[in-house]
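A.B. asks: Structure in structure tokens, see below.
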Amino acid sequence: MCMDNKQTPPTQHPHYYGTLVRKQLFFAAFVILLAALIDSELRNFYLVVGLFGVVGLTILAGLTSPQKRGVMFTDMFVSAIMFLIFEYFAINAFVKYGNFSDPIFFFRQLIAVIYLVTLYYSTKTLRYYDDQEQNKKQ
């Protein structure tokens, strides 16, 4: 048997949520692609985000790993920015249309909530890394 495809064993961290963050980033990219079809008001924005952002989010999701603290920080930063952008768009849609059942509001809010959850778990994972560094110094 050839052992060329041998991978390093996964590192187990009790507060590592990178797998969930990875799935959330990929799901957000998918929802953004769907929203681009429905939300004609922001179609130009979605085209830019769809062409560059979705590719970037997919790459970022693929790089997320317990050995890469910097990528987890980038996950957190991107999630915070995207949450603020899409929550702003959702509030504008609600003010304009005045109801929660409007599909434009729904998709914008869904994307914002996905990024909020991703932000929480990215931050929680970074907190674990910071705690580990503090323990090493003591």
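Heads up, the working numbering is the position in the sequence shown plus 4, with the first residue counted as 1. Just so it is clear, CB atoms sit at the ideal spot from N, CA and C, and this is done for glycine as well.
What number of angstroms, rounded off, separates the C-alpha of serine 44 from the C-alpha of lysine 140?
C.D. replies: Against the sequence shown, residue 44 aligns to sequence position 40. Against the sequence shown, residue 140 aligns to sequence position 136. For serine 44 and lysine 140, the distance between alpha carbons rounds to 52 Å.
A.B. asks: Identify whether glutamine 71 lies in helix, strand or coil by the three-state DSSP scheme.
C.D. replies: Taking the sequence shown and counting its residues from 1, one reaches residue 71 at position 67. If DSSP states are grouped into helix, strand and coil, glutamine 71 belongs with coil.
A.B. asks: Leaving out five residues on either side along the sequence, give the residues of the same chain with a beta carbon under 8 Å from the beta carbon of phenylalanine 109.
C.D. replies: One-based indexing of the sequence shown puts residue 109 at position 105. These residues qualify, in order along the chain: Ala94, Ala97, Phe98, Tyr101, Asn103.
A.B. asks: What's the C-alpha gap between leucine 37 and glutamine 113?
C.D. replies: Translated into the one-based positions of the sequence shown, residue 37 becomes position 33. Translated into the one-based positions of the sequence shown, residue 113 becomes position 109. Their Cα atoms are separated by approximately 15 Å.
A.B. asks: Helix, strand or coil, according to DSSP, for glutamate 91 in the structure here?
C.D. replies: For the purposes of this step, residue 91 is taken as residue 87 along the sequence shown, with counting starting at 1. Three-state result, glutamate 91: helix.
A.B. asks: Nearest-angstrom Cα distance between tyrosine 125 and threonine 78?
C.D. replies: If you number the sequence shown from 1, residue 125 lands on position 121. If you number the sequence shown from 1, residue 78 lands on position 74. Approximately 13 Å, taken between the alpha carbons.
A.B. asks: My understanding is that leucine 123 touches phenylalanine 87, with C-beta atoms under 8 Å, so please give their C-beta distance in whole angstroms.
C.D. replies: Your numbering for residue 123 matches position 119 in the sequence shown. Your numbering for residue 87 matches position 83 in the sequence shown. Leucine 123 to phenylalanine 87, Cβ: 6 Å. Contact.
A.B. asks: Helix or strand or just coil, what does DSSP make of asparagine 103?
C.D. replies: Counting from 1 along the sequence shown, the entry for residue 103 is found at position 99. Note: asparagine 103 maps to coil in three-state DSSP.
A.B. asks: Inspect the CB distances between the segment 22-30 and the segment 49-59 and report whether three or more fall short of 8 Å.
C.D. replies: Segments in contact, no.
A.B. asks: For arginine 213, which residues from the same chain have a beta carbon less than 6 Å from its beta carbon, with the 5 sequence-adjacent residues on both sides left out?
C.D. replies: Only positions 5 to 142 of the chain appear in this structure, which leaves residue 213 out of reach.
A.B. asks: I'd like the ranges of any alpha helix (DSSP H) spanning at least 4 consecutive residues and lying wholly in the segment 14-68.
C.D. replies: Runs of the alpha helix (DSSP H) inside the segment 14-68: 22-42, 47-52, 58-67.
A.B. asks: Throw me the rounded Cβ distance for the threonine 62 and alanine 33 pair, which I believe falls under 8 Å.
C.D. replies: Here the question's residue 62 lines up with position 58 in the sequence shown. Here the question's residue 33 lines up with position 29 in the sequence shown. Yes, they are in contact, since the Cβ atoms of threonine 62 and alanine 33 sit about 6 Å apart, within 8 Å.
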